[in-house]
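Trainee:
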Amino acid sequence: MFHVLKPALNSNSCVPTLHFEWDEWRVHRYYVPFEGEAFARLGQLTGRANAALAYASGEWILHRFAAVNHDETPRLYLEACWAANVHWAYFPYVEIDEDRWRGPVRGPLLIMMAIAGDAYFGLDDDAAIQARSLWMRNLALHVLPDSGAYLAWFDASLARLEHHHRKDQHPETEDMLSPLPEGMGAPPPRELFDTSQPYEPSHDAERLDAYLRGLDPDASPFLAGADALAGLDAFVGTPYRYR
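For the sequence shown, position 128 matches number 128 in full-length UniProt numbering, and the numbering has no gaps at all.
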């Protein structure tokens, strides 16, 4: 079962009022601009670290709209993204019907899903994956009623990633069957982003395995079934288990 990260749950971000501008014709301006210094700093992290940071920020956006959105699609989408950060085959490409996701509640959730998906599906067009973690940060800052708790969490999460998931700490292993670019590194577990708790990386494999075992592909429109995974040459091992 996918539960939003505790720092987001414990914040005051889940409110029914909508204070922000939302223009369907100009949504790019709510998330695209970013500072060059932050782009360069995040560029020192592995690809999977940046993807995970984007997904974790997406959980703040998910929680922000929890009082006014009861559609499970965004939660299930993020759930699949986290799985895909462990192995790309867990999340086959699925189109989202954008016409069903309009307005100041569903519109930001659509963009959240689009950014999260682009951190995984869009790397052929733009391999600078750190843009996605910055886009998600900007979107969160635009829609959250108070950015203080989020920014403190983001900085603490970034510090953890810089300590454990820099590119120079994760030598690349060649995978000829993977569609992902080089420099992706090892997947950070979601627990790294629970900054309310201490983090010990020696337990990462157990955490990733527990996350995968807790997924139910039969209950998700996004996750690949175990039979489909078993038929892929590129997938080695037991479906929904970590190594």
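Yeah, the Cβ is synthetic: ideal placement off N, Cα and C, and Gly gets one too.
Values in this document were obtained by computation on a predicted structure and should not be read as measured data.
At what residue ranges does the region 204-241 contain a whole run of the alpha helix (DSSP H), taking only runs of 4 or more?
Mentor: Entirely contained in the region 204-241, the alpha helix (DSSP H) runs reaching 4 residues are, in chain order, 204-213 and 226-230.
Trainee: Whole angstroms is fine: what's the gap from Ala-54's alpha carbon to Arg-137's?
Mentor: The residue labelled residue 54 in the question sits at position 54 within the sequence shown. The residue labelled residue 137 in the question sits at position 137 within the sequence shown. For Ala-54 and Arg-137, the distance between alpha carbons rounds to 7 Å.
Trainee: Taking 8 Å as the threshold (C-beta atoms), are Val-86 and Leu-187 in contact?
Mentor: The residue given as residue 187 occupies position 187 in the sequence shown. The residue given as residue 86 occupies position 86 in the sequence shown. Going by the sequence as given, residue 187 is Pro instead of Leu. A contact, by the Cβ cut-off of 8 Å.
Trainee: Where does Leu-151 fall in DSSP's three states?
Mentor: As a position in the sequence shown, residue 151 is number 151, starting the count at 1. Three-state result, Leu-151: helix.
Trainee: Measuring alpha carbon to alpha carbon, tell me which residue in Phe-2, His-19, Val-4 and Tyr-77 is nearest Ser-147.
Mentor: Counting from 1 along the sequence shown, the entry for residue 147 is found at position 147. Of the listed residues, the one whose Cα sits closest to Ser-147 is His-19.
Trainee: Determine the burial state of Arg-190: buried for a count of at least 16 other Cβ atoms within 10 Å of its Cβ, exposed for fewer.
Mentor: Locating residue 190 in the sequence shown gives position 190, where the first residue counts as 1. The residue is buried, with at least 16 neighbouring Cβ atoms inside 10 Å.
Trainee: Do you know whose CA, among Arg-213, Ala-228 and Ala-226, lies nearest Arg-241's CA?
Mentor: As a working note, residue 241 is residue 241 in the sequence shown. Of the listed residues, the one whose Cα sits closest to Arg-241 is Arg-213.
Trainee: Along the chain, which unbroken stretches of the beta strand (DSSP E) at least 3 residues long are found entirely within the region 34-91?
Mentor: Here no run is fully enclosed.
Trainee: Per the DSSP calculation, Arg-166 is bridged to which residue(s)?
Mentor: Locating residue 166 in the sequence shown gives position 166, where the first residue counts as 1. Leu-45, per the DSSP bridge assignment.
Trainee: Would Ala-224 pass as a contact of Tyr-90 if the rule is Cβ separation under 8 Å?
Mentor: Within the sequence shown, residue 224 is the residue found at index 224, counting from 1. Within the sequence shown, residue 90 is the residue found at index 90, counting from 1. Cβ atoms of Ala-224 and Tyr-90: closer than 8 Å.
Trainee: Just how far apart, CA to CA, sit Arg-100 and Pro-74?
Mentor: Position 100 of the sequence shown, counted from the first residue, corresponds to residue 100. Position 74 of the sequence shown, counted from the first residue, corresponds to residue 74. Their Cα atoms are separated by approximately 12 Å.
Trainee: Buried or exposed, going by whether 16 or more other CB atoms sit within 10 Å of the CB of Glu-174?
Mentor: Looking up residue 174 in the sequence shown gives position 174. Residue placement at Glu-174 cannot be trusted, given a pLDDT of 48 that sits under 50; the coordinates are not used to answer.
Trainee: Whose CA, out of Ala-116, Trp-25, Thr-17 and Leu-42, lies closest to the CA of Ala-56?
Mentor: Translated into positions along the sequence shown, residue 56 becomes position 56. The candidate whose alpha carbon is nearest that of Ala-56 is Ala-116.
Trainee: From Glu-59 to Cys-14, what distance separates their C-alpha atoms?
Mentor: Here residue 59 corresponds to residue number 59 of the sequence shown, with the count starting at 1. Here residue 14 corresponds to residue number 14 of the sequence shown, with the count starting at 1. The straight-line gap from Cα to Cα measures roughly 11 Å.
Trainee: Considering only the alpha carbon of each residue, which of Ala-38, Ser-202, Tyr-150 and Glu-206 lies closest to Asn-10?
Mentor: Along the sequence shown, one-based indexing puts residue 10 at 10. Here the closest residue by C-alpha is Tyr-150.
Trainee: What separation, rounded to the nearest whole angstrom, lies between the Cα atoms of residue 328 and Ala-84?
Mentor: Lying before the first or after the last residue shown, residue 328 is absent from the chain, which here runs from 1 to 243.
Trainee: Given that a residue counts as buried once 16 or more other Cβ atoms are within 10 Å of its Cβ, and exposed if not, what is Gly-185?
Mentor: On the sequence shown, residue 185 is found 185 positions in, with the first residue counted as 1. Gly-185 is buried by the Cβ-count criterion.
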